[in-house]
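Student:
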Amino acid sequence: VTPNTCEARASNGWVVPDYLARKLKLGHLTPSLDEGNNFAYSAATVTALGGTSESNNITLANQVGAFLNRDITAHEMQKSVCFIMIGGNDVFRATTPTNIVDAVQGLAQQMQVLIEAGCTNLWIANVPNLSRTPRVVASGDAVLAAAAKSLTMAFNNGVAGVVERLTDGCRYCDITLFDTFSFLEHALQDTKFSETFTVQDRPCVLRQFGKCSGTECPEELKSATENPDVCFCQVPVYFDVDEECKLPKAKGFLFYDDIHPSTALHEFAARAAVAEYCDF
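Take the sequence shown: its letter number 239 is residue 239 in full-length UniProt numbering, and every next letter is one higher.
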């Protein structure tokens, strides 16, 4: 999360790591560019643009490198919990199974880097079923939906194998795999969950990259452009809010935009993770 982007988080509030940090009494997450402890970056991928030769996006290696460049003592590292939640963008951008293999290998490499640096407490979240996202659902394309699910499962199977291998090879490591795929699939079959999230097939807000569509540039973006009537931004500009979407809580909405969960779903997932994996 960086302070120089249009949206602090790709949701309408806290995301899973924020809720987990609070529940595990690890303090509040703040942007790394403000000397904080959150090194996540919007639109980041494990590999450069999902495995292509281009390298102008932020990768997991960049984020891990920024973390390790901090002056962290061995004692502080031992007390740290490194939470890695990445891969969705790699899956969305994948064009061949090789892209998925590259992403899994890249994740394994960076986990090993963290372990060798002394961070032996790791939480790894896999990728939820991307065929459930409004972007895929709205397409009405059954082939696309099947591919999204298949690629997601391929990535997740690879991640599970990485976690197993690293756990077997590191007797002093505590590596937790948070299976967000199974969590969401099971939750969607639960009556109480469906009563809480009544809107599951469309996003709370619509978005587009770059120029705002039919609206004046939002106040928070005017300072970032020479022309107040046209706003360009490195991240999506949200321009059309569903009349049923009551921000900031977005009550009832499973997804905040076409691919990102609402903060309510993030909190629900964090609670499930703590209940399943924590004994206190």
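All C-beta atoms, glycine included, are put in the ideal place defined by N, C-alpha and C.
Please tell me whether Ile-84 and Ile-58 are closer than 7 Å, where the distance is taken between their beta carbons.
Tutor: Here residue 84 refers to the residue found at position 84 of the sequence shown. Here residue 58 refers to the residue found at position 58 of the sequence shown. Cβ atoms of Ile-84 and Ile-58: not closer than 7 Å.
Student: Should Gln-78 go down as buried or exposed, given a rule of 16 or more other Cβ atoms within 10 Å for buried?
Tutor: By one-based count along the sequence shown, residue 78 stands at place 78. Exposed, since its Cβ has fewer than 16 Cβ neighbours within 10 Å.
Student: Exposed or buried, Pro-134, counting other C-beta atoms within 10 Å across all chains shown (16 or more means buried)?
Tutor: For the purposes of this step, residue 134 is taken as residue 134 along the sequence shown, with counting starting at 1. It is buried - the Cβ of Pro-134 has at least 16 other Cβ atoms within 10 Å.
Student: Can you give the Cα-Cα distance for Ile-100 and Val-16, rounded to whole angstroms?
Tutor: As a first step, residue 100 must be located in the sequence shown, where it is residue number 100. As a first step, residue 16 must be located in the sequence shown, where it is residue number 16. For Ile-100 and Val-16, the distance between alpha carbons rounds to 23 Å.
Student: What would DSSP say about Pro-261, mapped onto helix, strand or coil?
Tutor: Counted from its first residue, the sequence shown places residue 261 at position 261. Correct three-state label for Pro-261: strand.
Student: Can you say whether Gly-88 is buried or exposed, counting buried as having 16 or more other CB atoms within 10 angstroms of its CB?
Tutor: For this step, residue 88 is matched to residue 88 along the sequence shown. Buried is the call here.
Student: Please name the residue in Asn-126, Lys-251 and Gly-169 whose C-alpha comes closest to that of Ser-182.
Tutor: As a working mapping, residue 182 is identified with position 182 in the sequence shown. Ranking Asn-126, Lys-251 and Gly-169 by Cα distance to Ser-182 puts Asn-126 first.
Student: What is the DSSP secondary structure of Ile-175, counted as helix, strand or coil?
Tutor: Taking the sequence shown and counting its residues from 1, one reaches residue 175 at position 175. In the structure shown, Ile-175 sits in a strand (DSSP, three-state: E or B).
Student: Going by CA-CA distance only, name the one from Gln-105, Leu-24 and Pro-97 that's closest to Cys-82.
Tutor: For this step, residue 82 is matched to residue 82 along the sequence shown. The residue with the shortest Cα to Cα distance from Cys-82 is Leu-24.
Student: Of all the options Val-159, Val-113, Ser-262 and Ile-115, which has the alpha carbon lying nearest to the alpha carbon of Arg-202?
Tutor: For the purposes of this step, residue 202 is identified with residue 202 of the sequence shown, where counting begins at 1. The option with the nearest alpha carbon to Arg-202 is Ser-262.
Student: If you compare alpha carbons, which of Gly-118, Leu-130 and Asn-129 is closest to Tyr-172?
Tutor: On the sequence shown, residue 172 is found 172 positions in, with the first residue counted as 1. Nearest of Gly-118, Leu-130 and Asn-129 to Tyr-172, Cα basis: Gly-118.
Student: For Thr-180 and Leu-265, I'd like the C-alpha separation in whole angstroms.
Tutor: Residue mapping note: residue 180 aligns to position 180 of the sequence shown, counting from 1. Residue mapping note: residue 265 aligns to position 265 of the sequence shown, counting from 1. Cα to Cα, Thr-180 sits roughly 11 Å from Leu-265.
Student: Out of Val-163, Ile-259 and Trp-14, which one is the CA nearest neighbour of Gly-106?
Tutor: On the sequence shown, residue 106 is found 106 positions in, with the first residue counted as 1. Among Val-163, Ile-259 and Trp-14, the Cα nearest to that of Gly-106 belongs to Val-163.
Student: Check the DSSP bridge columns for Ala-125 and list the partner residues they point to.
Tutor: Taking the sequence shown and counting its residues from 1, the one referred to as residue 125 is at position 125. BP columns for Ala-125 point to Met-85 and Phe-178.
Student: For Pro-128, count the other beta carbons within 10 Å of its own beta carbon; 16 or more makes it buried, fewer makes it exposed. Which is it?
Tutor: Position 128 of the sequence shown, counting from 1, holds the residue named residue 128. Pro-128 is buried by the Cβ-count criterion.
Student: Cα separation between His-260 and Ser-32?
Tutor: What you label residue 260 is simply residue 260 of the sequence shown in a count that begins at 1. What you label residue 32 is simply residue 32 of the sequence shown in a count that begins at 1. Distance between the alpha carbons of His-260 and Ser-32 is about 22 Å.
Student: Tell me, please, which residues DSSP counts as bridged to Pro-31.
Tutor: Numbered from 1 along the sequence shown, position 31 holds the residue referred to as residue 31. DSSP, once it has assigned bridges, lists Asn-38 as partnering Pro-31.
Student: Run through DSSP, which three-state label would Val-46 get?
Tutor: Along the sequence shown, read from residue 1 onward, the residue named residue 46 stands at position 46. Residue state, collapsed to three classes: coil.
Student: Taking 7 Å as the cut-off, decide whether the C-beta atoms of Leu-254 and Gln-200 are in contact.
Tutor: Along the sequence shown, read from residue 1 onward, the residue named residue 254 stands at position 254. Along the sequence shown, read from residue 1 onward, the residue named residue 200 stands at position 200. It is a contact, given that the beta carbons lie within the stated cut-off.
Student: Quick one, which of Val-113, Val-205, Leu-166 and Thr-196 has its alpha-carbon nearest Glu-267's?
Tutor: Here residue 267 corresponds to residue number 267 of the sequence shown, with the count starting at 1. Measuring from the Cα of Glu-267, the nearest candidate turns out to be Thr-196.
Student: Got a sec? Which residues, its chain only, sit under 7 Å from Phe-67 by beta carbon, not counting five neighbours each side?
Tutor: Numbered from 1 along the sequence shown, position 67 holds the residue referred to as residue 67. Same-chain partners within the cutoff: Phe-39.
Student: Among Phe-193, Arg-22 and Thr-152, whose alpha-carbon lies nearest the alpha-carbon of Pro-97?
Tutor: Translated into the one-based positions of the sequence shown, residue 97 becomes position 97. Checked all of Phe-193, Arg-22 and Thr-152; the closest Cα to Pro-97 is Thr-152.
Student: Quick check: the Cα distance between Tyr-19 and Ala-269, rounded to an integer number of angstroms?
Tutor: Counting from one through the sequence shown, the residue named residue 19 turns up at place 19. Counting from one through the sequence shown, the residue named residue 269 turns up at place 269. Straight-line Cα distance between these residues: approximately 9 Å.
Student: How big is the Cα-Cα spacing for Cys-231 and Arg-132?
Tutor: Locating residue 231 in the sequence shown gives position 231, where the first residue counts as 1. Locating residue 132 in the sequence shown gives position 132, where the first residue counts as 1. With a pLDDT of only 41 at Cys-231, under 50, the local geometry of the prediction cannot be trusted, and the value read off the model is given with reservation. Near 31 Å, if we compare the C-alpha coordinates of Arg-132 and Cys-231.
Student: Whose C-alpha, out of Cys-204, Gly-161 and Ile-86, is nearest the C-alpha of Gln-63?
Tutor: Within the sequence shown, the letter at position 63 stands for residue 63. Answer by Cα proximity: Ile-86.
Student: To the nearest angstrom, how far is it from the Cα of Gly-26 to the Cα of Asp-141?
Tutor: Position 26 of the sequence shown, counted from the first residue, corresponds to residue 26. Position 141 of the sequence shown, counted from the first residue, corresponds to residue 141. For the record, residue 26 in the displayed sequence is Leu; it is not Gly. Taking the straight line joining both Cα atoms gives about 43 Å.
Student: Going by C-alpha to C-alpha distance, which of Gly-252, Met-111 and Ser-80 sits closest to Phe-193?
Tutor: Sequence index remark: in the sequence shown, residue 193 carries index 193 (1-based). Of the candidates Gly-252, Met-111 and Ser-80, the one whose C-alpha sits nearest the C-alpha of Phe-193 is Gly-252.
Student: Could you check whether Val-104 and Leu-130 sit closer than 7 Å to each other, using their CB atoms as the reference points?
Tutor: Counted from its first residue, the sequence shown places residue 130 at position 130. Counted from its first residue, the sequence shown places residue 104 at position 104. Not in contact: Leu-130 and Val-104 (Cβ atoms no closer than 7 Å).
Student: Go to Lys-131, then tell me how far its alpha helix (DSSP H) extends in each direction, as first and last residue.
Tutor: Stepping through the sequence shown from its first residue, residue 131 is reached at position 131. The residue asked about is misnamed: residue 131 is Ser in this sequence, not Lys. Ser-131 -> no alpha helix (DSSP H), and no H or E assigned at all.
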